[in-house]
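Q:
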Amino acid sequence: MTETSIPAFFLPGFDEADIGEFVTLEFGTGKDRVTMHSPVLTPSLLSEVISRLNQAREGYLSHLSVYDVIKAIDKVMDLWSDGNYPLRQQAEALLPLITGYSGPMVTQTLDGIISMFNGENLRLLLKDELGDPRFLDQFRPRPNSDGMCKAYGPRLTTTVFAGNVPGLPVANIVYALLMKSAILGKSASEEPLFAALFAQSLAEVDPELARSVAMVCWKGGDEEIEKIAFGYSDAVIVYGAEHSVNEVRKRVPVRTRFIAYGHKLSFGVIGREYLAADRVRQTAVQAAIDASVFDQQGCLSPHVFYTEEGGQTTPKEFARLLASEMEAFNQKIPRGRISPDESAHINQLRGSYEFREFEDQGVALHASSRGTDWTVIYESDPAFVPSCLNRTIRIKPVKDVSEVVGLIEPIKGYLQTVGAALPQERFLSLANKMGQLGADRICPLGKMTAPSLTWHHDGRFNILDLLRWTDIEEGLNIS
Amino acid sequence: MPKTTKKTNKYAIDSDFVRDLERDITAFIKGGVDQPGTDERFNELALRLFEYQYNENTPYRKYCQKRGVAPGDIRSWTEILAVPTDAFKEVDLCTFPPEQAVRILESSGTRDQTRRSKVHMDEMGVRLLDLSYLESIEGFFYPSGEKNLHALLLAPPLDKLPATATATYGIGKVIEGHHIGELEYFVGPEGLDFQGLAARLKQAEDDGEPVIIVGTTFAYVHFFDYCREKGLSFNLPSGSRFVDGAGYKGKSRELTREEFVKLAQEVTGVPPEYMLNNYGMTEVQAVFPDNVLRNLVKGLKEPRYKVNPAWTRTLVVDPDTLEPLPKGETGLLRHYSLGNINTVQAVQTDDLGYEIGRGFECVGRAAGAESRGCSVAIDELISAQKMK
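Protein sequences appear in the order of chains A and B.
Using our numbering, the letters of the first sequence map in sequence onto residues 1 to 479.
Using our numbering, the letters of the second sequence map in sequence onto residues 480 to 867.
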């Protein structure tokens, strides 16, 4: 192990002798190269990891009150909110090299996480889902019926992370600890750093608590490893593409709670009121934020903005305004490094639209002057088209926003967030139709990539879904 | 000659400009694939061709005008604007009314059957296409002028394939004039006829008459895997050769060229120099075969790569900025061919490759790969929509 290699794992209490062999992971090239290392996860090592996780949970975590856990997490967020905190500095230095996201994008992402998972928000989340958070600590009277009950989280939760948005693992680590569940995380091979750093800072705040967290890597589909990991877990959570989710599902025992976050599609609707001369620029600014944050890699990121005709700005003009706001956003928070494949894809797409534009009034292409930083396509054909992402967004006109319902029907199984710039009375009727089609979040334009902590992620509770309840019925003498 | 009093178009098909241009390009291509010291001549012809295409190809002119590039402003072929291959799927990039085409070539639409690149050719275009193919095919597949090969095709009978498919045209051209006897096909309605092909190779081994096999790369891999599984191997007569193209397209396991050559040699006994990969595409009226057999005959020691015949050039550009990269770096391939008289001579591909020697090597296809985002991959969505 060289001095410059960075751990891509978190195994508290394990020393190198416990672990044995390591694999090297490399990110970036040349002087921007980052070398990381991670244990070769053998079945015996994994069994030992799980056994220690369970001990830590039994011996410590399960005795904490939910408020103790919240306090610890709040302290971690405090540490991270300091720009001089060494682990934050490490994240800000390395995440751009590992993920390709620009430095400013990483900084904004970290700030978003810190403000999202503070103690106050966590209390709100628990209250929102459980009513009384203390159900996680003790038998409590049921609010609307007789008797008492207590909630039990999984003893061990295994989570398979995705690498598209750094910081995603924080949510699952936090939720698990709130439920007094130990968590075994399978780090995303694209970004194994942040989860490990977060766990390290948890260890600084409360070393005993951090012993209930382990972050490791294994090759997805390793049957022997997954049989152990999934077999010892009460819950398995997976992020990923449909085919990889399906692969995991096959290996999870039937009685284990299985939750999958698969691929989703999001889009925006912009009403004519928001295209009025005095507010259209702000609308364009908000749309540019939604299409640019996380370089459009999030499942919350829009693919298309359906834009209403009949306002003071035509959808085609709006595309031009959006283009200049995409440029302005890119000046502030540059698009990150993308793969040659992704660049080639965008360049080919631009080529085909540019030639179509020569012959078709219904097409207009706006593109960053150098490279593929951002692309705005106006296209009169309203059919939903998934974007090739990395800040490539289509503006499609509709006579009335109600038409959008029919247009997104083909993707109803994949719907997630709808960003709306509409007066309330108009979006309420649309909201119900979107909900019926499966959308699980309707939010103001400009906030698409910044959901509230209490958002029903993919339409489900974040914590409640994983809990098991024990009831004590009226009539027992509990004194 | 035009009979009207209307001002004659300097670039009309029967104009001196175009006649001279075709004559000069034809003579240049006939000079053969190797023409050292002709950079200036290539440059001069490329600039004349650009002037013609700028004036007669309306969408291309608009593309150039938008970027402020016009004939007379540029001095080097490297400044000629390249058109992305996907644009060929959207518009007729053509110097004459496309309905007057005498030949149309279409891509296979690997990624999306409903979107194929289309190239329209007039008589002049067909003459240059045929000549450009012929010179490369003679130079690289038959450097000793062999005409005694039995042609075995890992393809359905050519008359059953779409006549406009570039592959149909290409396979026909590769064997034209070099085979004896009937063409023998080994793909039927049930797919590749492994047993039939194996029996035919055994026969070649016995009768000692060399064969040329032409097929897609993935078809070979399926056959070689079949032979390995059955424990079959052959010792094909000297002079036998393989031509493969089109790559894998996800239809078989993917091998590196070294692995492919090693496996092919183990199964058939054919030396690596007789295994010839061909690189080409609908949008570029030229083919780029491996240099290995030509080098063997000429006694040249070089690694395997695709040579640019004298009437073509290939630039490697940064995938994001499309600016040329230093020699040896991997980027996107951009081809220039004087054979592309009816369309545009500069074509920006989404193939990844690098410059080497007097040509390039292609290492794979870029676009079409899944985006790293958590949104539904395009293909996944298309298949999902089809299910509904």
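Note that beta-carbon positions come from the ideal geometry of N, C-alpha and C, so glycine has one too.
Using only the alpha-carbon positions, how far apart do A:Lys250 and A:Ile259 sit?
A: Using only the alpha carbons, I get a separation of about 13 Å.
Q: Less than 8 Å between CB atoms is the rule here; does B:Tyr876 satisfy it with respect to chain A?
A: The shown model of chain B, from 480 to 867, leaves out residue 876 of chain B, and the question about it has no answer.
Q: So, at 8 Å on beta carbons, what are the nonlocal neighbours of B:Val776 in its own chain, with the 5 sequence-adjacent residues on each side left out?
A: Excluding positions up to five away in sequence, the list reads Pro622, Ser623.
Q: Unbroken beta strand (DSSP E) runs of length 3 or more, entirely within the segment 558-637 of chain B: which are they?
A: With a minimum length of 3 residues, the continuous beta strand (DSSP E) runs that stay inside the segment 558-637 of chain B are 582-585, 597-600, 629-633.
Q: Exposed or buried, B:Ile508, counting other C-beta atoms within 10 Å across all chains shown (16 or more means buried)?
A: Answer is buried; the Cβ neighbour count reaches 16.
Q: If you run the structure through DSSP and keep just helix, strand and coil, what is A:Arg468?
A: DSSP places A:Arg468 in strand when its eight states are reduced to three.
Q: In three-state terms, what does DSSP make of A:Leu95?
A: Helix, per DSSP.
Q: Taking A:Arg356 as the query, report the chain B residues whose CB atoms sit under 8 Å from its CB, ordered along the chain.
A: Here the neighbours are Glu569, Val570.
Q: Starting from the beta carbon of B:Leu811, find every residue of chain A whose beta carbon is closer than 9 Å, and list them in chain order.
A: Those within 9 Å of B:Leu811 in chain A are Pro340, Ser343, Ala344, Asn347.
Q: What residue range does the alpha helix (DSSP H) around A:Met77 cover?
A: Segment 66-81, the alpha helix (DSSP H) holding A:Met77.
Q: Which chain B residues are close to A:Ser292, counting only those with a beta carbon under 7 Å from its beta carbon?
A: What A:Ser292 touches in chain B: nothing, since even the nearest Cβ is about 13 Å away.
Q: For a test of the three-state rule: what should DSSP assign to B:Thr822, helix, strand or coil?
A: Residue state, collapsed to three classes: coil.
Q: Which residues of the segment 89-111 of chain A have a Cβ closer than 7 Å to any Cβ of chain B? Give them in chain order.
A: So nothing in the stretch comes that close.
Q: For B:Tyr542, return the contacting residues in chain A, with the cut-off set at a CB-CB distance below 8 Å.
A: By Cβ distance, chain A contributes Glu354, Phe355, Phe358.
Q: Quick check on A:Glu359: does DSSP put it in helix, strand or coil?
A: It is helical.
Q: Among B:Thr822, B:Tyr539, B:Leu610, B:Pro550, which has the Cα closest to the Cα of B:Pro788?
A: Nearest C-alpha to B:Pro788: B:Leu610.
Q: Going straight from the alpha carbon of A:Thr24 to that of A:Val69, what length do you get?
A: Straight-line Cα distance between these residues: approximately 34 Å.
Q: Pull up the DSSP beta-bridge partners for B:Met754, would you.
A: According to DSSP, B:Met754 bridges with B:Phe721.
Q: Any Cβ of chain B within less than 8 Å of the Cβ of A:Arg391?
A: No, A:Arg391 does not count as interfacial toward chain B.
Q: Tell me the rounded alpha-carbon separation between A:Tyr175 and B:Glu569.
A: Roughly 50 Å between the two C-alpha positions.
Q: Give the residues of chain B in contact with A:Gly371, contact being defined as C-beta atoms less than 7 Å apart.
A: Residues of chain B passing the Cβ test: Asp799, Thr800.
Q: For A:Ser145, which residues does DSSP report across the bridge?
A: Its beta-bridge partners do not exist; DSSP assigns none.
Q: Measuring straight from C-alpha to C-alpha, what distance separates A:Ile346 and A:Thr372?
A: The alpha-carbon atoms of A:Ile346 and A:Thr372 are separated by roughly 7 Å.
Q: Taking DSSP's pairing of strands, which residues face B:Arg813 in a bridge?
A: DSSP, once it has assigned bridges, lists B:Leu794, B:Gln827 as partnering B:Arg813.
Q: Taking the alpha-carbon of B:Leu662 as reference, which of B:Ile650, B:Glu669, B:Leu607 has the nearest alpha-carbon?
A: The shortest Cα separation from B:Leu662 among B:Ile650, B:Glu669, B:Leu607 belongs to B:Ile650.
Q: Would you mind telling me which residues of chain B sit closer than 7 Å to A:Gly362, beta carbon to beta carbon, in chain order?
A: Near A:Gly362 there are no residues of chain B at all, since even the closest Cβ is about 13 Å away, more than 7 Å.
Q: Taking only beta-carbon atoms, is A:Gly481 less than 8 Å away from chain B?
A: Residue 481 of chain A is absent from the structure shown; chain A starts at 1 and stops at 479.
Q: Give the DSSP-derived three-state secondary structure of A:Phe294 in the structure shown.
A: The answer is helix: DSSP assigns A:Phe294 an H, G or I state.
Q: Is there a Cβ from chain A that is less than 8 Å from the Cβ of B:Pro622?
A: It does not: the Cβ of B:Pro622 has no partner Cβ on chain A nearer than 8 Å.
Q: Report the three-state DSSP secondary structure of A:Phe198 (helix, strand or coil).
A: A:Phe198: helix per DSSP, three-state reduction.
Q: List, in chain order, every chain B residue whose beta-carbon is nearer than 8 Å to that of A:Gly220.
A: In chain order: nothing, as chain B lies at least about 15 Å away.
Q: So, does the CB of B:Pro538 fall closer than 8 Å to a CB anywhere in chain A?
A: Yes, its Cβ sits closer than 8 Å to a Cβ of chain A.
Q: May I ask which residues mark the beginning and end of the alpha helix (DSSP H) holding A:Met445?
A: The sequence given here has Leu at residue 445 of chain A, not Met. Here A:Leu445 belongs to no alpha helix (DSSP H), and DSSP marks it neither H nor E.
Q: Checking the sheet assignment: what are the DSSP bridge partners for B:Leu772?
A: BP columns for B:Leu772 are empty, so no partner.
Q: Just mark A:Gln510 as buried or exposed, buried being the case when its beta carbon has 16 or more other beta carbons within 10 Å.
A: Any answer about residue 510 of chain A is impossible in this case: the structure gives chain A only from 1 up to 479.
Q: Ends of the beta strand (DSSP E) at A:Pro423?
A: First-last for A:Pro423: undefined, no H or E at that position.
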